[in-house]
Amino acid sequence: MKGPGPAPAGLNDKLSPEVKNLVEEGKKRGFITYDELNKVLPEDMVSPDKLDMILQMMDDLGIEMVETSAQEGEKEAFEEEEEREFEEPQEAESKRVVSEKIDDPVRMYLTQMGEIPLLSREDELRLAKRIEITRKRFRTKVLESPVAVVEAIQILENVKNGELAFDRTLKADSAIDVSKSEVLDRLPAVIDRIRQTVFSSHECYEKLSQGRLNTKQRVRVQGRMRENQRRCVVMLEEMNIQSKKIKPMMEKLENLARRVEEVCREIDEIRAGRGSAVRMASLKKELEQLLTQALEAPEAVAGRVADIRERFEDYEKTKRKLSSGNLRLVVSI
């Protein structure tokens, strides 16, 4: 896990006292639960910019988002075990017999749906907020990578040139009264700024790779790269690329990380005398090309991909909870 760092300057001033207190608590523990964050967000829904700000601060401070605290998780597991242990034998047998009798697929489906609790209004709001939080966390981690940014630039270029339909690729933000024509007018300038930012990151990576910087210079260059990542995320999120376009970026990153791992393993085997030394030069060249795409060390690439996959699964799981609850309501009616 990334170690805590200082909060970005000026960010604290824009947050409510409740959010500030939660972030301070998160710094001490190293994590914040989804329910805790939900409680300090407005009842209707937090603005995308404000949510981005909160999640960015948490990432910078190394604060993790978790389902529940370890203590709560242990308590829940204990209570579930206790319920199973003290369940009446005849009640358990009765459940088994009923299950065996239901051989009709429709009846079985309705029985299973009946086991899903109906969502209250509070549950719906909580899940809606959580979907937005998990969606933002997944997208941010993907769009921080230059591999994804290059793909995003191509998507924006295709929309600008009319090769991709706007409505199937981007979303005009009605919440802040931004129209489709306004987004299209801004596209060329945004694409240029993103390109310049990626070029700046490549320059930083080259300086870091040369190994000629002292500690102070290295920290400064790393800070500039981190700031470039943030700027890319902010600019791309303003363009509202649909999430269905973000998933292929994740898959491309996963493929790159897999290949980096394979090349590193083969290089290690050659160094240990178990492979063909003739391939060493081409493997090193390929590894250099892969890492120049990612602008990260092999372990950082692997860590990013693992984080992205975890955040994506959390997002999908939360969406399933809400859709299951809504489907349960339909069956109930």
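Counting from 5, one number per residue, gives the positions in the sequence shown under our numbering. Using N, Cα and C, we set each Cβ at its ideal position, and we do this for glycine too. None of these values were measured; they are calculated from a predicted model.
- Taking each of G307, K133, L294, C236 in turn and checking the Cα distance to V194, the smallest one comes out for C236.
- In the structure shown, the three-state DSSP call for E210 is helix.
- The three-state reading of DSSP puts T37 in strand, counting E and B together.
- Here DSSP, grouped into helix, strand and coil, assigns E68 to strand.
- The stretch 167-176 makes contact with the stretch 236-254, as at least three CB pairs between them are under 8 angstroms.
- I245 is bridged by DSSP to L174.
- In terms of Cα proximity to R228, the closest of K220, C208, G215 is C208.
- Closest by C-alpha distance to E71, out of L65, L131, D63, is L131.
- Taken through DSSP and simplified to helix, strand or coil, R283 comes out as helix.
- N218 carries a coil assignment under DSSP once its states are collapsed to helix, strand and coil.
- For A156, the enclosing alpha helix (DSSP H) begins and ends at 150-164.
- Shown here for A281: same chain residues with a beta carbon closer than 7 angstroms to its own, the five before and five after excluded, namely I274 in chain order.
- S204 sits in a helix when the DSSP states are folded into three classes.
- The straight-line gap separating the alpha-carbon atoms of I198 and K164 is approximately 15 angstroms.
- Contact between R141 and R315 holds: their C-beta atoms lie close to 5 angstroms from each other, under 8 angstroms.
- Three or more beta-carbon pairs separated by less than 8 angstroms link the stretch 256-276 to the stretch 288-302, which places the two stretches in contact.
- With a contact defined as Cβ atoms closer than 8 angstroms, I159 and K251 miss out at about 13 angstroms.
- P192 counts as exposed, since fewer than 16 other beta carbons sit within 10 angstroms of its beta carbon.
- A residue is called buried once 16 or more other Cβ atoms fall within 10 Å of its Cβ, and N232 is buried on that count.
- The C-alpha of E266 lies about 13 angstroms from the C-alpha of E292.
- In chain order, I195 place their CB closer than 7 angstroms to the CB of E161, counting only its own chain and leaving out the 5 sequence neighbours on each side.
- It is roughly 42 angstroms from the alpha-carbon of S327 to the alpha-carbon of F203.
- Closest in alpha carbon position to E290, among R278, G277, G279, I271, is I271.
- Relative to T296, the option among R324, S149, F170 whose CA is nearest is S149.
- In this structure L59 is not in contact with T138, their Cβ atoms being roughly 10 angstroms apart against a cut-off of 8 angstroms.
- A310 has its alpha-carbon roughly 28 angstroms from the corresponding atom of K43.
- The beta carbons of M254 and V146 sit about 5 angstroms from each other, so the pair counts as a contact at 8 angstroms.
- The beta carbon of G279 sits closer than 7 angstroms to the beta carbons of E270, E273 from its chain, once the five residues preceding and following it are set aside; these are given in chain order.
- Cβ contact annotation for T322 (same chain, cutoff 6 angstroms, sequence separation greater than five): R134, I135, T138, in chain order.
- For V151 against K54, the beta-carbon gap comes to about 28 angstroms, at or over 8 angstroms, which does not count as contact.
- In summary, E28 is exposed, with fewer than 16 beta-carbon neighbours lying within 10 Å of its beta-carbon over all protein chains present.
- Inclusion of L19 and M57 in the CB contact set at 9 angstroms is warranted, their separation being smaller than that value.
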